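Reviewing the structure listed below.
4 protein chains.
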Amino acid sequence: MRRLRLGMVGGGEGAFIGGVHRMAARLDGHWDLVAGSFQSDPDKSRDFGVSLGLAADRAYPDYQSMAQGEARRDDRIDAVAIVTPNATHHSIARAFLDAGIPVICDKPMTTSRADADDLARLVKKTGLPFVLTHNYSGYPMARQARAMIEAGELGAIRVIQAEYAQDWLATDQAGNKQADWRGDPSRAGPAGALGDIATHAFQLLEFVSGLQAEAISADLTTFIPGRKVDDNVSVLLRCAGGAKGMLWASQVATGAVNGLRLRIYGDKGGLEWAQETPETLLFTPLGQRQQVIRRGGAGVADAAAHATRIPGGHPEGYLEGFAQIYSDAAELIRAHHEDRAPHGFASLAPGVADGVRGLAFIEAAIASSASHGAWTPIN
Amino acid sequence: MRRLRLGMVGGGEGAFIGGVHRMAARLDGHWDLVAGSFQSDPDKSRDFGVSLGLAADRAYPDYQSMAQGEARRDDRIDAVAIVTPNATHHSIARAFLDAGIPVICDKPMTTSRADADDLARLVKKTGLPFVLTHNYSGYPMARQARAMIEAGELGAIRVIQAEYAQDWLATDQAGNKQADWRGDPSRAGPAGALGDIATHAFQLLEFVSGLQAEAISADLTTFIPGRKVDDNVSVLLRCAGGAKGMLWASQVATGAVNGLRLRIYGDKGGLEWAQETPETLLFTPLGQRQQVIRRGGAGVADAAAHATRIPGGHPEGYLEGFAQIYSDAAELIRAHHEDRAPHGFASLAPGVADGVRGLAFIEAAIASSASHGAWTPIN
Amino acid sequence: MRRLRLGMVGGGEGAFIGGVHRMAARLDGHWDLVAGSFQSDPDKSRDFGVSLGLAADRAYPDYQSMAQGEARRDDRIDAVAIVTPNATHHSIARAFLDAGIPVICDKPMTTSRADADDLARLVKKTGLPFVLTHNYSGYPMARQARAMIEAGELGAIRVIQAEYAQDWLATDQAGNKQADWRGDPSRAGPAGALGDIATHAFQLLEFVSGLQAEAISADLTTFIPGRKVDDNVSVLLRCAGGAKGMLWASQVATGAVNGLRLRIYGDKGGLEWAQETPETLLFTPLGQRQQVIRRGGAGVADAAAHATRIPGGHPEGYLEGFAQIYSDAAELIRAHHEDRAPHGFASLAPGVADGVRGLAFIEAAIASSASHGAWTPIN
Amino acid sequence: MRRLRLGMVGGGEGAFIGGVHRMAARLDGHWDLVAGSFQSDPDKSRDFGVSLGLAADRAYPDYQSMAQGEARRDDRIDAVAIVTPNATHHSIARAFLDAGIPVICDKPMTTSRADADDLARLVKKTGLPFVLTHNYSGYPMARQARAMIEAGELGAIRVIQAEYAQDWLATDQAGNKQADWRGDPSRAGPAGALGDIATHAFQLLEFVSGLQAEAISADLTTFIPGRKVDDNVSVLLRCAGGAKGMLWASQVATGAVNGLRLRIYGDKGGLEWAQETPETLLFTPLGQRQQVIRRGGAGVADAAAHATRIPGGHPEGYLEGFAQIYSDAAELIRAHHEDRAPHGFASLAPGVADGVRGLAFIEAAIASSASHGAWTPIN
């Protein structure tokens, strides 16, 4: 089974998420990075690519020439990873899909619902694999939670509490490269914490619960003077089937680091999971003792076991969860090459539909907040 | 310094909170229980009082004869503890205040804002001590948090997350004495989880932060068919000074036990406290390492040290926090007897003003939820 | 049922454990403090007693006159609490037992095995109740652990890890009243951390496991120059039935507060309990998910339910565990008065036999350490 | 900077640690696996190598032909990873060192002190890099702890508590491939849990504290009938400078998973770290609040920052710690190629000296246990 060939757009010197994608792609041994267009300066892009071991002619000056150049090769890339600021995702993804190349795209998928719908149509039309790196859904214990709910172990879901708290934007971070583009609507889109982290919490909430949020009431705040996007997000949710939820996302929660946390309560049981301690899932069957479910431990669902590399007690973390998305993508692409259904649990990988939901959520939150928290449908 | 004499209305056989009040009153040695009217059946009330060591003639058949009987005695009670279902608090408190007897009342103070205002007027008019047992504000580490915020250690408050999750009403509890009266609007008032636990979270939020919530948007839910009051409460808050908050209270959160938790984030630091692990307070000064502040440990504020009995590492808990309210009440009453200002930190005890805020919160939440979450002022 | 009358020897101004005994005796409402000899200065002892509400003639100048005076009264005390430095326990206990008065004694029971055996003989001869306040065995979850092991839920015990770490003696504490007597062999006996805290860990280990330690190898250390007793204790244990154990006690473990912790592993399951988080017990049945057993929660043994006051999630702590010993003592004494077997689980209270084991442990540890860790029997 | 070429001996189908080494080598992008001898059956070895992407002629039938074959190539491997059962480490390492090829060897380094000394002499003679994968010392927070102690933040070390508890051998695991060789003295050497995990705890203890254990008293036990090696290890330690320690390792601690934990107490502060929650280090400066030091967070030492890939709150785990050893090895080998001193903190990687200490520890523990726990020097 040959390794797959990966290209990358974005992720040059000083980028955070590009390096993460590369480590995630390497970890499970399914991918070799062979092509890329890493930064806007063509010389720097080429030098950076060569420093990563690429052949000089596959370190392209821009994504357009890369899409065209790769499309012409017999050994063309099996997928492109798009790790640029949000506002460029749509046109880059379009270019590669048009060139017949599958896409692995960072989130949020686009900066408007219209663009998201456009990509969804194109993915449908081309039939190409499209994976969106809502990486937290790659954690084994998140998949365990989903499997338990799907199997009915929580009964009917009543209450969902999702949160994602950080503090790295608790002060004006002008000059910080990561902060600058995220705070610039022309590059990040109209959503701040809403797009950067609330969408992760929202995707995880729907992924794990199996429920769709039907309507939300939102209150967006910008605490730092001069900041052009929200940095604190409060949302009430109403889900299909009558479940109620709350979602909080903040990048000014002083002391919080990367506090993504999900709690789901049904009439037969409740679950708690926190990204910073990802190896355990707390489960309380109604009226019984609480159970600590460990990755690699007793009573783990197939979907979680499949997403695990090493025995329990040997902590897996963020990169392993992210790598799972890359391994899922590899299987989706191999299945596409071989014109067969994907094996195992690869279809759990988030895709274009999650991207559309994310933009629907972003636009509904902005609209609700602008109209004094009016309940606004997500559809 | 003589022990104070306590009377009690309510708290007979099978009651939960009456027994808690008695243990709390005993713990610090400031109170002797000497009079009471414990249940509606006069014989049972007398027998129960005698079983507690009361003289038979001070185990009264009803609260009216108790108020009058005690008022006539030279050794009359120094305070009455009211531990009946909510709907009777107002008239009982009125009777004792009218008889010149200080009141220690369980929460919520009344079942309507009008009744709460009425008690506030009467307390003001009589000048009598009135303590409301929002007991969680008696925990040393809750007072530590308040002292730190008051001292500016968090800077300007931006975000407050309060929650109180339980699961004991996750099923229909018909026949459970504690559940029955709480679910009966004629005894508990119109609020379910809202009155029973959300008011605790709300009081603690305002007590610790020193901020007043100015307006809320609420979504109340009743998940159990046939239940007449809410069992899940979702609230967005806007506080004086621009802070934003969320408050969640639930009695159907399967697996939660008594999960009162408060997190407050300012521009200089953040705090986290949870009632189930009350001995520690987590504090992160902006950009520095997180600190674990322990009751009885290093760097504890006077207000917290004052509320502590034994060295750190020897866990104090719920009864000690509750006892603190009784010790505060003792000091308030002694100061009243001696016509002096109360010593130390006794004025931290919650009182009639907290009761008024609680009813204002309840009525605003019900009104907001009834009007699709419209932002509703609390004043 | 009348309240019992308690006398106290020791526990005057500035004492720590005397105040704890008084709170513990008050909490559950079984005891009234009516007599005492609190400090060596007769005037101060009387004044202190009166300040606690005692009649002046029952605030005695010394324990001898107290034992004799009380023995002559019709309303004599039902028990005496001995809370003096260790070296005086034996003669004080003797005096009261000789006077026909039951004893509640702080630990360690005496400062020599010979004195401990002497008390054991006297208790046997008089038939009087004798309770030793190894208070940690009063915690509900410690009793839960014992009940589970007794019921075979752990199978055959293989490994026991006990530890008790503090840091309050990490520096020379000369001038600290609590430290001074504990560091003075003439008042505390020959054992430092060994007597003060290692005995607690040892008693808990035997209480919970149901096993007796047959032999130990010990290494005692004194880290603070000039200190006359050990401040760090390392012990290997061999238990009846082949179980192996380790016990560590330290008062120089910088950062530790009151870290008593017990872990027991059998061939069918394992248990973990820590005094600083006493409300939960972690249980892992072999090959299954770990379970969190909560005081007041699902699947709690009768012996633990009996030792609980308030619902789970409302933390009980150190004083409640200590109060349980006083409630057990009350029942033992009432049963003695009524010449019947004690009800419920009162016999779980530690007694003179635990005291003898404690001194056997102390003497074996000192002997082993003095002979280069030679394995030394405890019998 | 070219990627380094890695060879591997051992780690075929069904092996655990071989796969870990391969993931660890891939993660940071310094290594390509290009040669190997994976299992004893030559055909299977070749097929397995090819499945990993190796050229068929570099999937060797045995380690001898591999050492010779690689030595002859211009593009020979830069290092060999030895991941076979312990008993073969010595001869394999010898073969590659003799061929001039650097070694990355799994632990314990050999099965006798004599063999360990022999390798140490050979490493010295050849001047070749030799890295021993005591991977836990690659965790950033373990290096943080070491840096803090080195900088004097704990003052003089007094007490060290190390433990490593597992339960996967709590039952007879005959037929489990991982258990079989570990329980067979002809393949694993004379030590069971002692060699497999106690050596990790011992290495970490010395690595972090900077102290050498001078003498130990040990008690080794085999709980499972028929098992030929120890499965529970209790050790008392005396360290240079007067520090005392305890070390417990068990593979029958029912409910424990991979519980490596280290606590170190000095006269100025104390530290706690646990492998299962590797992202945080607890530090208590004497008399001050406890601090939570997070990987990637405030106040992190250069040595820890150097060993980190992604921001705090995005959990790194076991594979990242292991990868650090491989990245250190890459730097050591590049420095060797370039005849310069290694950059940064690569010299923190464990090496042949740790291997010698490990065997000295194993042999002292076996000798001490055989002579009733006699204190036995480690030198």
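Residue numbers (numbering that gives the first Met the number 0), protein chains in the order written: chain A, 0 to 378; chain B, 0 to 378; chain C, 0 to 378; chain D, 0 to 378.
All C-beta atoms in this analysis are idealised placements derived from N, C-alpha and C, irrespective of residue type, glycine included.
Here the structure is a predicted model, which means the values were calculated and not measured.
Would residue 302/B and residue 295/B qualify as a contact pair, given that the criterion is a beta-carbon distance under 9 angstroms?
Result no, Cβ atoms of residue 302/B and residue 295/B do not sit closer than 9 angstroms.
I'd like the list of long-range same chain contacts for residue 196/D, defined as Cβ closer than 8 angstroms, with 5 residues on each side in sequence excluded.
So the qualifying residues of the chain are 163, 165, 248, 250, 259.
Please report how far the alpha carbon of residue 32/B lies from the alpha carbon of residue 329/B, in whole angstroms.
Cα to Cα, residue 32/B sits roughly 13 angstroms from residue 329/B.
How is the beta strand (DSSP E) around residue 158/D delimited, first residue to last?
From DSSP, the beta strand (DSSP E) with residue 158/D extends over 156-164.
Consider the Cβ of residue 195/D: report whether some Cβ of chain C lies at a distance smaller than 9 angstroms.
No, because no Cβ of chain C sits closer than 9 angstroms to the Cβ of residue 195/D.
Starting from the Cα of residue 349/A, find the closest Cα among 293/A, 122/A, 182/A, 137/A and give me that residue.
Ranking 293/A, 122/A, 182/A, 137/A by Cα distance to residue 349/A puts 137/A first.
Taking 7 angstroms as the limit between beta carbons, can you name the residues of its chain near residue 378/A, skipping five residues before and five after?
Excluding positions up to five away in sequence, the list reads 359.
Rounded to whole angstroms, how far is the Cβ of residue 285/D from the Cβ of residue 232/D, which I believe are closer than 8 angstroms?
Contact between residue 285/D and residue 232/D is absent: CB atoms are separated by about 32 angstroms, not below the 8 angstroms threshold.
Below 8 angstroms, can you find three or more Cβ-Cβ pairs linking the region 32-47 of chain A to the region 106-117 of chain A?
Contact between the region 32-47 of chain A and the region 106-117 of chain A is absent, because fewer than three Cβ pairs lie under 8 angstroms.
Between which two residues does the alpha helix (DSSP H) carrying residue 330/C extend?
Segment 317-336, the alpha helix (DSSP H) holding residue 330/C.
Could you give the DSSP three-state label for residue 245/D: helix, strand or coil?
The answer is strand: DSSP assigns residue 245/D an E or B state.
Does any residue of chain B bring its CB to less than 9 angstroms from the CB of residue 231/A?
Chain B, which has a Cβ nearer than 9 angstroms to the Cβ of residue 231/A, makes this yes.
Mind pulling the chain D residues with CB within less than 8 angstroms of residue 297/B?
Within 8 angstroms Cβ-Cβ: 286, 287, 288.
Touch test, the region 1-13 of chain B against the region 222-231 of chain A, Cβ-Cβ under 8 angstroms, three pairs minimum
The region 1-13 of chain B makes no contact with the region 222-231 of chain A; the number of CB pairs closer than 8 angstroms stays below 3.
Among 246/C, 342/C, 73/C, 83/C, which one has its Cα closest to the Cα of residue 361/C?
Selection 246/C, 342/C, 73/C, 83/C evaluated against residue 361/C yields 246/C as nearest (Cα-Cα).
For the beta strand (DSSP E) that contains residue 0/B, what are its first and last residues?
DSSP places residue 0/B outside any beta strand (DSSP E), giving it a letter other than H or E.
Counting only Cβ-Cβ distances shorter than 8 angstroms, please list the residues of the region 302-319 of chain C near chain B, keeping chain order.
For the region 302-319 of chain C, residues whose beta-carbon sits nearer than 8 angstroms to a beta-carbon of chain B comprise 308, 309, 310, 311, 312, 313, 314, 315, 316, 317, 318, 319.
Nearest-angstrom beta carbon gap, residue 229/B and residue 190/B [assumed within contact, 8 angstroms]:
That belief holds up - the Cβ atoms of residue 190/B and residue 229/B are roughly 7 angstroms apart, short of 8 angstroms.
Taking only beta-carbon positions, decide if residue 167/A is within less than 9 angstroms of chain D.
Chain D places a beta carbon closer than 9 angstroms to that of residue 167/A, counting this residue as a contact.
Please list the partners that residue 160/C has in chain D, where partner means a Cβ-to-Cβ separation under 7 angstroms.
By Cβ distance, chain D contributes 247.
Given a threshold of 16 other Cβ atoms within 10 Å of its Cβ, counted over all protein chains shown, does residue 312/B qualify as buried or as exposed?
Result: buried.
Closer than 8 angstroms by beta-carbon distance: list the chain C residues that pair up with residue 379/A, in chain order.
Outside the modelled stretch of chain A, which goes from 0 to 378, sits residue 379/A, for which no answer is possible.
So if I threshold CB-CB distances at 9 angstroms, which residues from the region 14-30 of chain C count as touching chain B?
So the list reads 15, 18, 19, 21, 22, 25, 26, 27, 28, given in the order they occur along the chain.
Could you please give the first and the last residue of the uninterrupted beta strand (DSSP E) stretch that includes residue 271/C?
Here the beta strand (DSSP E) through residue 271/C covers 268-273.
Examine the Cβ distances between the region 136-153 of chain B and the region 257-277 of chain B and report whether three or more of them are shorter than 8 angstroms.
Taking 8 angstroms as the limit for Cβ pairs, the verdict is that the region 257-277 of chain B does touch the region 136-153 of chain B.
Would you mind working out which of 212/A, 373/A, 152/A sits nearest residue 235/B, comparing C-alpha positions?
Of the listed residues, the one whose Cα sits closest to residue 235/B is 373/A.
When 293/B, 206/B, 219/B, 19/B are compared against residue 263/B, the one with the closest alpha-carbon
It is 206/B.
Which bits of chain D does residue 277/A rub up against, with CB to CB less than 8 angstroms?
In chain order: 314.
Taking the alpha carbon of residue 289/D as the reference point, which residue from 271/D, 86/D, 254/D has its own alpha carbon closest?
Per the Cα distances, 271/D.
Please return the same chain residues whose Cβ sits closer than 7 angstroms to the Cβ of residue 310/C, not counting the five positions on each side in sequence.
Closer than 7 angstroms at the Cβ level, and outside the excluded window around residue 310/C, lie 295.
Chain-order list of residues whose beta-carbon lies under 6 angstroms from that of residue 122/B (same chain, five-residue window excluded):
By the criterion of a C-beta distance shorter than 6 angstroms, residue 122/B is surrounded in its chain by 129, 351, once the five residues flanking it on both sides are discounted.
Opposite residue 140/D in the DSSP bridges: which residues?
Its beta-bridge partners do not exist; DSSP assigns none.
Is the separation between the beta-carbon of residue 217/C and that of residue 367/C shorter than 9 angstroms?
In contact: residue 217/C and residue 367/C (Cβ atoms closer than 9 angstroms).
Out of 86/C, 170/C, 369/C, point me to the one whose CA is closest to residue 268/D's CA.
Across the set 86/C, 170/C, 369/C, the C-alpha of 170/C shows the shortest separation from the C-alpha of residue 268/D.
With a threshold of 16 other CB atoms inside 10 Å of the CB of residue 300/C, please say whether the residue is buried or exposed.
Per the 10 Å Cβ criterion, buried.
Separation of residue 347/D from residue 71/A, as counted between CA atoms:
Their backbone Cα atoms lie some 48 angstroms apart in a straight line.
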